[in-house]
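Protein chains in written order, with our numbering: chain A, 230 to 359; chain B, 9 to 196.
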């Protein structure tokens, strides 16, 4: 990618992006999209949550998956940082621990694309079986 | 925390949790005196005097998910290890300002890190908050804010390509600004 240095470069880039986005279908209702929340508190930041978040942003876009990647606070699993919570459409949120870029790749390919669970899930939402 | 950009992300998260609408991030570097002051000011809920006193205690946190809170103690540690200090000004309902002072000619001064990358993530994840960033080096500065980007018609802040562009825009401009340092400290 060319180096972007001036505000004019940035504006040109925006026009480019706008024309591309309008070509794509916008199914953009937030709850229909894949939601990725990266824990970004002291513990997450110190263990590399930024690299993981950047990876999700870039790779989901590259692989054509419409998603919202955002930040959340500490979920209380500081030992397993970086942690990521993923909510697929009509499914309960799932929290993954020890996510580095390699794990993130596995999560995208298996869980987000096919709904297949991968190692490293932190059981968070227990539901009582009646 | 390995670098100042990580601290920035960490401290700004506190402002976001305090429901701030405007967050001002400032880096004031004085190259002649070898000082760097890093501050985050918000208009969030603020804290009482008692809470401010407890802040540097690592076993104090307002969270319920865990029992430790290391953000401020780490900031205090990295600034004090260079001979600097941390100041906190806050009042209930009147927002908070945190200032961390660093001495950049001390070998323990931590690097700045990827400011552009962290800022871009902040812009994209918090479109409803006006985040402004300024890096002042002696008489020159570089500024960017959510408002400024929106005024220029740049509003796809969470688009992957735009995020890479904004990151590159910030980092390239900072790189140029840093070439104007005439003395070399340990800040990099």
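Note that beta-carbon positions come from the ideal geometry of N, C-alpha and C, so glycine has one too.
| Item | Value |
| --- | --- |
| When you compare the CB positions of residue 312(A) and residue 273(A), do they come within less than 8 Å of one another, or not? | yes |
| For the stretch 282-313 of chain A, list every residue whose C-beta sits within 7 Å of some C-beta in chain B, in sequence order. | 282, 283, 286, 287, 290, 299, 300, 302, 303, 304, 305, 307 |
| Would you tell me roughly how many angstroms separate the C-alpha atoms of residue 7(B) and residue 23(B), rounded to the nearest one? | This structure gives no information on residue 7(B), because the portion of chain B shown stretches from 9 to 196. |
| Does DSSP put residue 145(B) in a helix, a strand or coil? | strand |
| For the 8 Å Cβ check, are there 3 or more pairs between the stretch 27-44 of chain B and the stretch 75-82 of chain B? | no |
| Would you kindly check if the distance between the Cβ of residue 125(B) and the Cβ of residue 111(B) is under 8 Å? | no |
| Comparing the C-beta of residue 243(A) with each C-beta of chain B, is any distance below 8 Å? | yes |
| Terminal residues of the continuous beta strand (DSSP E) containing residue 10(B)? | First-last for residue 10(B): undefined, no H or E at that position. |
| Mind checking which residues open and close the beta strand (DSSP E) that includes residue 78(B)? | Here residue 78(B) belongs to no beta strand (DSSP E), and DSSP marks it neither H nor E. |
| According to the neighbour-count rule (16 or more other Cβ atoms, all chains shown, within 10 Å of its Cβ), is residue 300(A) buried or exposed? | buried |
| Is residue 262(A) helix, strand or coil when you go by DSSP? | coil |
| By a C-beta neighbour count over all protein chains shown, 10 Å radius and 16 as the cutoff for buried, is residue 117(B) buried or exposed? | buried |
| Give me the Cα-Cα distance between residue 151(B) and residue 122(B), rounded to the nearest whole angstrom. | 16 Å |
| What residues are listed by DSSP as bridge partners for residue 111(B)? | 43(B) |
| To test your reading of the DSSP string, which unbroken alpha helix (DSSP H) runs of 4 or more residues are found completely within the stretch 271-358 of chain A? | 271-275, 278-291, 330-335 |
| With 16 other CB atoms within 10 Å as the buried threshold, where does residue 303(A) fall? | buried |
| According to DSSP, residue 268(A) sits in a beta bridge with which residue or residues? | 301(A) |
| Which residues, taken in chain order from the stretch 269-281 of chain A, show a beta carbon closer than 7 Å to some beta carbon of chain B? | 269, 270, 271, 274, 275, 279 |
| Please list the partners that residue 151(B) has in chain A, where partner means a Cβ-to-Cβ separation under 9 Å. | Within 9 Å Cβ-Cβ: nothing; residue 151(B) doesn't reach chain A, min ~11 Å. |
| Measuring straight from C-alpha to C-alpha, what distance separates residue 20(B) and residue 280(A)? | 18 Å |
| In whole angstroms, what is the alpha-carbon distance linking residue 331(A) and residue 9(B)? | 23 Å |
| Give the DSSP bridge partners of residue 104(B), in chain order. | 50(B), 98(B) |
| Going by Cα to Cα distance, which pick from 41(B), 31(B), 149(B) is closest to residue 192(B)? | 41(B) |
| Please list the terminal residues of the continuous beta strand (DSSP E) segment that includes residue 36(B). | 30-38 |
| CA-CA distance, residue 46(B) and residue 31(B)? | 13 Å |
| Compute the distance between the beta-carbons of residue 153(B) and residue 140(B), then report whether it is under 8 Å. | yes |
| When the Cβ atoms of the stretch 154-168 of chain B are set against those of the stretch 88-107 of chain B, are three or more pairs found closer than 8 Å? | no |
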